[in-house]
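Peer 1:
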Amino acid sequence: MTNRELINEAKKAREKAYVPYSNFMVGAALVTKDGKIYHGCNIENAAYTPTNCAERTAFFRAVYEGERDFSKIAVVGAPKGMEADLLTAPCGVCRQVMMEFCDPETFMIIMPDGKGGIIEMLLKDLVPFGFGPDNLK
Ligand code: THU
1 MTNRELINEA KKAREKAYVP YSNFMVGAAL VTKDGKIYHG CNIENAAYTP TNCAERTAFF
61 RAVYEGERDF SKIAVVGAPK GMEADLLTAP CGVCRQVMME FCDPETFMII MPDGKGGIIE
121 MLLKDLVPFG FGPDNLK
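So the sequence shown is numbered by my numbering: it starts at 1 and just counts up by one.
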């Protein structure tokens, strides 16, 4: 699957977003090393802080299914009613969840660049000087 196709998978996931408070719909498509895709959307809450981002929804669904090895994730976001081709980079909490389950040297984050192109970044560049499971060994 190309990164463009993976972005389309994230767009499909975005349609499921539950966003009565921000109206900002986010979708994610997470790929395992053996090629399975797990989709996620953001799920908001009246108390605000329990809100779950699209990326974490995808990770938690995958981890529950027993997955531990991931290669990349596509993330798209935009206000309701807009095409999700804006640049929406993962929040800090989601970056930290990626640090838990992914190799920062190889795991890729794929995002529209807001200008018709695609940004592909390694987790190590999105989280410089990161803290992860290796620090506790
Ligand atoms: N959001 C995500 O789903 N992923 C991110 O990485 C950034 C923020 C969601 C959370 C909230 O539902 C909405 O976007 C506005 O912050």
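For every residue, glycine included, the Cβ atom is placed at its ideal position computed from N, Cα and C.
Could you give the first and the last residue of the continuous alpha helix (DSSP H) run that contains LYS124?
Peer 2: The sequence position of residue 124 within the sequence shown is 124, counting from 1. Element bounds for LYS124: 123-126.
Peer 1: In whole angstroms, what is the alpha-carbon distance linking ILE37 and ASP125?
Peer 2: Taking the first residue of the sequence shown as 1, we reach residue 37 at position 37. Taking the first residue of the sequence shown as 1, we reach residue 125 at position 125. Using only the alpha carbons, I get a separation of about 23 Å.
Peer 1: How far does the alpha helix (DSSP H) with LYS12 in it reach, from first residue to last?
Peer 2: The residue labelled residue 12 in the question sits at position 12 within the sequence shown. From DSSP, the alpha helix (DSSP H) with LYS12 extends over 3-14.
Peer 1: Are the CB atoms of THR57 and GLU45 within a distance shorter than 9 Å?
Peer 2: Counted from its first residue, the sequence shown places residue 45 at position 45. Counted from its first residue, the sequence shown places residue 57 at position 57. It should be noted that the sequence gives Asn, not Glu, for residue 45. Not closer than 9 Å, so no.
Peer 1: Between the C-alpha atoms of MET121 and MET108, what's the straight-line distance to the nearest angstrom?
Peer 2: For this step, residue 121 is matched to residue 121 along the sequence shown. For this step, residue 108 is matched to residue 108 along the sequence shown. Going from the Cα of MET121 to the Cα of MET108 covers about 5 Å.
Peer 1: Cβ of PRO104 within 8 Å of any heavy atom in the ligand THU?
Peer 2: Locating residue 104 in the sequence shown gives position 104, where the first residue counts as 1. No, since every heavy atom of the ligand THU falls outside the 8 Å radius drawn around the Cβ of PRO104.
Peer 1: Which one or two residues does DSSP pair with ILE70 in a beta bridge?
Peer 2: Here residue 70 refers to the residue found at position 70 when the sequence shown is read from its first residue. The amino acid occupying residue 70 in the given sequence is Phe; Ile does not appear at that position. For PHE70, which the question treats as bridged, DSSP gives the partners THR32.
Peer 1: Is the distance from the Cβ of ALA62 to the Cβ of LEU86 below 9 Å?
Peer 2: In the sequence shown, the residue the question calls residue 62 occupies position 62. In the sequence shown, the residue the question calls residue 86 occupies position 86. Contact flag unset, no.
Peer 1: Where in the stretch 77-125 do unbroken runs of the alpha helix (DSSP H), each at least 4 residues long, occur, reported from the N-terminal end onward?
Peer 2: 92-101
Peer 1: Using 8 Å for Cβ pairs, my map puts LYS72 next to HIS39. What's the rounded Cβ distance?
Peer 2: Sequence index remark: in the sequence shown, residue 72 carries index 72 (1-based). Sequence index remark: in the sequence shown, residue 39 carries index 39 (1-based). That pair is no contact at about 14 Å.
Peer 1: Would you mind sorting MET82 into buried or exposed? The rule is 16 or more other CB atoms within 10 Å of its CB.
Peer 2: Within the sequence shown, the letter at position 82 stands for residue 82. Exposed, because fewer than 16 other Cβ atoms sit within 10 Å of the Cβ of MET82.
Peer 1: Among residues of its own chain, excluding the 5 on either side of PHE142, which ones have a beta-carbon nearer than 6 Å to its beta-carbon?
Peer 2: Given that the chain is displayed from residue 1 to residue 137, the structure contains no residue 142 and the question cannot be resolved.
Peer 1: Compute the distance between the beta-carbons of VAL75 and VAL127, then report whether it is under 9 Å.
Peer 2: Along the sequence shown, one-based indexing puts residue 75 at 75. Along the sequence shown, one-based indexing puts residue 127 at 127. The answer is no: Cβ separation not under 9 Å.
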